[in-house]
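*Asks:*
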Amino acid sequence: MKVEIGSYYSMCLLSEYELPEGKTLDDIEFIDKKWKSIGIHFHDGTCLEVVDEGLFDYNLYDDLKRPYKTQLLNDGYWDKEFYDGDEC
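Residues are numbered in the working numbering as their position in the sequence shown, beginning at 1, plus a constant of 24.
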């Protein structure tokens with residue numbers, strides 16, 4: 025299953041990642057993000073760490089250090105929201 029994550033700065037950049045086999049959106053406890061590194065933390069204590077190389081194609085640098093909000097896209101609709109690594 026792939027998960028799409030919206031990262032909110034003064035704009036929203038959409039990234040898509042493949043979740044580990046057997047994991048769904050409901051398994052996600054919280055997301056943290058700094059620069060191009062994203063940690064998708066699951067309720068079972070595991071974490072999927074991914075790197076979004078495409079973010080630096082935008083030449084925004086400091087503006088992309090840390091979003092104020094990340095949000096999951098579920099079947100085309102915005103779902104869970106996470107604020108600066110807080111749990112939902």
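Quick reminder that beta carbons are idealized off the backbone N, C-alpha and C, glycines included.
Could you give the distance in angstroms between the alpha-carbon of T94 and the alpha-carbon of W102?
*Replies:* Between T94 and W102, the alpha-carbon positions lie close to 10 angstroms from each other.
*Asks:* Expressed to the nearest angstrom, what Euclidean distance is found between the alpha-carbon atoms of K58 and Y92?
*Replies:* Distance between the alpha carbons of K58 and Y92: 10 angstroms.
*Asks:* Just to confirm my understanding: we take H65, look at its own chain, exclude 5 residues before and 5 after, and list those with CB closer than 6 angstroms. What are they?
*Replies:* E53, F54, C71
*Asks:* How many angstroms separate the CA atom of G100 from the CA atom of I62?
*Replies:* 21 angstroms
*Asks:* Are there 16 or more other CB atoms within 10 angstroms of the CB of V27, so buried, or fewer, so exposed?
*Replies:* V27 comes out buried.
*Asks:* Can you round the beta-carbon distance between N98 and L49 to whole angstroms, since I take them to be within the 8 angstroms contact cut?
*Replies:* Taking the Cβ atoms as the reference, N98 lies roughly 6 angstroms from L49, within the contact range of under 8 angstroms.
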